[in-house]
Amino acid sequence: MNIKSFLTLFALIICCRAVAQKPAISHIVTHNRATIICDPIKGQKPYPSWGLFPKTDASIRKITMHVTLGSPDSLHTAHWDYLDHIILRRKGGANAPELSYELGRMLTPYGSIYNKGWNWKWQVDVTDFAPFLRDSVEIVYVHSGFEDKTVGWALTIDFEILSGPPVVTPLGIKPLWNKAYKYGDPNEKIEDNLLPVNYNSTAGAALSRIRIQHTGHGMDKPRGCSEFCSRWREISVDGKIVDKRDMWKKCGENPLYPQGGTWIFDRAYWCPGDLQQPDVIDVWTKPGSHQVSLLMEPYTATDNIQAAENIAAYLFEYTAPNQKTDVAVEAIMVPNDEQRFSRLNPASSDPRIMFRNLGSDPIRSLTIVYGTQGFPTKTFHWKGNLPFNQVAEVILPGEIQEKDGENLFLVTLNQPNGKKDAWSGDNNMQTTFTAAQKFPATFVLQLLTNNKPKDNSIFLLNAKQDTIFQKTAAQLEPVTLYTDTIRLSEGKHSLRLVDTAGNGLQFWAQPANGDGHLRIFDLKGNLIHAFESDCGTGEMFSFNAVKGLEFNTTTGRYAFSLYPRSVVDHTQLNVVSNKASDMTVQITVDGTVWQKHEYKAIKNATFDYDLKHLPTGRIIVEAFMDGISQFKGRINKR
907 MNIKSFLTLF ALIICCRAVA QKPAISHIVT HNRATIICDP IKGQKPYPSW
957 GLFPKTDASI RKITMHVTLG SPDSLHTAHW DYLDHIILRR KGGANAPELS
1007 YELGRMLTPY GSIYNKGWNW KWQVDVTDFA PFLRDSVEIV YVHSGFEDKT
1057 VGWALTIDFE ILSGPPVVTP LGIKPLWNKA YKYGDPNEKI EDNLLPVNYN
1107 STAGAALSRI RIQHTGHGMD KPRGCSEFCS RWREISVDGK IVDKRDMWKK
1157 CGENPLYPQG GTWIFDRAYW CPGDLQQPDV IDVWTKPGSH QVSLLMEPYT
1207 ATDNIQAAEN IAAYLFEYTA PNQKTDVAVE AIMVPNDEQR FSRLNPASSD
1257 PRIMFRNLGS DPIRSLTIVY GTQGFPTKTF HWKGNLPFNQ VAEVILPGEI
1307 QEKDGENLFL VTLNQPNGKK DAWSGDNNMQ TTFTAAQKFP ATFVLQLLTN
1357 NKPKDNSIFL LNAKQDTIFQ KTAAQLEPVT LYTDTIRLSE GKHSLRLVDT
1407 AGNGLQFWAQ PANGDGHLRI FDLKGNLIHA FESDCGTGEM FSFNAVKGLE
1457 FNTTTGRYAF SLYPRSVVDH TQLNVVSNKA SDMTVQITVD GTVWQKHEYK
1507 AIKNATFDYD LKHLPTGRII VEAFMDGISQ FKGRINKR
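The sequence shown begins at 907 in my numbering and counts up by one.
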């Protein structure tokens, strides 16, 4: 080869490599605000739709499925926490054979308190199904439940596809256990149905990946299985336990709060208002025959036998990782305006990220460059021992710099193990975040404790994470109003309410706990911020303290308390406002208005409502201030 040909070839290789390092992102939307309602006769209703995905020979790095539920345009928002499945039914056309692979599992929120315009977005990685998300694909959202056609959801399913070299080469898929299995039934033991699965490894396979969605349902005696009982699950490969865990999830920390039902109650590996993240267990295997087994904790119910373990499990076979040294930014958790990270934001300091090891060699060192666009970058040298496909969460030191309004935060991963990353296309990420609001440096903090104050604490921290004010649980007495004048230096601060019981300062289904609140007033007595009392494990409010700042009192700010919410004959609505407003209160049952009350020039007031003539069940109380809905709360009449 002459020198001219060599240089031409070299330039072509460099050009191709540069192009290959720039990822392209595409979106395939199969459901776009589709109206989803129940079929109360059958108990489930499918909503199929086709999408045109990349061609078979397209190089795919990652596929993320985004699922959004919102209030529908022409219906009320649905009420109940139903189990919904997102299924890849066919690939290639209407006459193609059914695959029926479960891509995702949605547990719908209690939506009765959400108004028009509300929506929430979740996401889950579905890259394992990339070989089937090609060409024409039928995606089916299967909505379960028994609500009538007056309520529903607006559903959007958006597949975000990142082009690039695959991390491992897929070789095959084998369904494992895919149905709802009876649990605790003395006449049909679950171990007789959850039989071990044998398979012969595909030529070239080095990695067996078990991907499993698993939720518990039903309410038996004596343990409330499977929805409200913790039980363990054990997965073995070739007789060796590769995963054992308690099938239980804390729900009081759900970022989607409050909801109109028992959203804080911990459940059997799921929570209302959540797109479940699957368990992914990687097992290095040698050629030959293998066996996978799943064992549930032994249990026998004594009454109301109805428990079920709903499982969708698959085994994927892959080659060994295609690269030795390969990392990717998984998420920027702080700072970030995304709904899924709302409990962590806005924050004044300590950015938080996750990164994943996609190479065969463990990651032991990494250089992380980060910072807000328009400000100097910072560098952090991480050290650890991260195996293949595992995720590390890192808190980065320093204050989060920002300008007023919207900002961009950027992260770059460099020099994993002191080497060049095999593919830099996923080494960078940026997020949008809104600067913390400016707030008076001097204000009055008002805490009304409920009947169980030993669950609660308050901490006020500065940007260095020093605690400059606190009220610990040991300091608090029941049903006591604490009023403190706080004087801060200028700069960023965070006020945190912590609830160790996970049931907030008030929860409708636990009236015996009482009614508490946490509110902030200016020195003139105007309300300037109110914490949500129905907050589960707590709430954080971050702000930028400015001396001499005064809030505009012509803009309405409101705080509401509806108590009791589990009632026999009456309830009370307390309203606190920083300005006099005309108020309308509507009390509805199943979308029908039963009471309507009009008030003029309301600022601080309490109203008592007689509910004796209303039917039992769910009742919604909604308050409109100057014509705009500012509060919507659920009560339950016994």
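Backbone N, C-alpha and C define an ideal beta-carbon position, used for all residues, glycine too.
Quick caveat, the model's predicted, so the values are computed rather than measured.
Asked                                                                                               : Found
Buried or exposed by the 16-neighbour rule on C-beta atoms within 10 Å, applied to H1435            : buried
Proximal residues to E1504 (C-beta, below 6 Å), its chain only, five neighbours per side dropped    : T1490
Start and end residues, beta strand (DSSP E) containing R1139                                       : 1138-1143
Same chain, Cβ closer than 6 Å to L1394, five either side skipped, listed in chain order            : A1347, A1451
Whole-angstrom distance between E1223 and G1523, CA atom to CA atom                                 : 50 Å
Check whether C1157 and C1131 have beta carbons under 7 Å apart                                     : no
Unbroken beta strand (DSSP E) run spanning K1344, endpoints                                         : 1343-1346
Distance cut-off 6 Å: L1401 Cβ against heavy atoms of the ligand ATP                                : Looking for the ligand ATP in the displayed structure turns up nothing, as the structure carries no ligands at all.
Reference N1368, options L1403, S1330, F1449, R1471, closest by Cα                                  : F1449
Own chain, CB closer than 7 Å to G1304, minus 5 neighbours either side, in chain order              : S1255, K1284
Three CB pairs or more closer than 8 Å across the region 931-944 and the region 1060-1067           : yes
C-alpha distance - T1121 paired with G1280, whole-angstrom precision                                : 45 Å
Straight-line gap, L1005 to F1466 (C-alpha atoms, nearest Å)                                        : 50 Å
Test item: CB-CB of P1359 and P1417 under 7 Å                                                       : no
Alpha-carbon spacing of K1192 relative to R1115, whole angstroms                                    : 13 Å
V1296, DSSP secondary structure in three states                                                     : Residue identity differs from the one stated: residue 1296 is Gln in this sequence, not Val. DSSP places Q1296 in coil when its eight states are reduced to three.
Closest by C-alpha distance to V1048, when choosing among N1484, P1257, N1313, I993                 : I993
N-terminal and C-terminal residue of the beta strand (DSSP E) that G1090 is part of                 : No beta strand (DSSP E) contains G1090, which DSSP labels as neither H nor E.
Proximity below 7 Å, CB of Q1307 to CB of T1278                                                     : yes
Simplified DSSP state of F1038, which is helix, strand or coil                                      : coil
Local conformation of L915 per DSSP, three classes                                                  : In this prediction, L915 has a pLDDT of 35, which is less than 50 and means its spatial position is unreliable; what the coordinates show is noted afterwards. Note: L915 maps to helix in three-state DSSP.
Beta-carbon proximity list for K1502, same chain, < 6 Å, skipping 5 on both sides                   : Q1492
Touch test, the region 1329-1340 against the region 1314-1321, Cβ-Cβ under 8 Å, three pairs minimum : yes
Pairwise C-alpha distance: D1421 and R1463                                                          : 20 Å
Chain C contact for N1484 (CB, 7 Å cutoff)                                                          : The chain inventory of the structure shown lacks chain C, comprising one protein chain alone.
Beta bridge counterpart(s) of R1011 as assigned by DSSP                                             : H991
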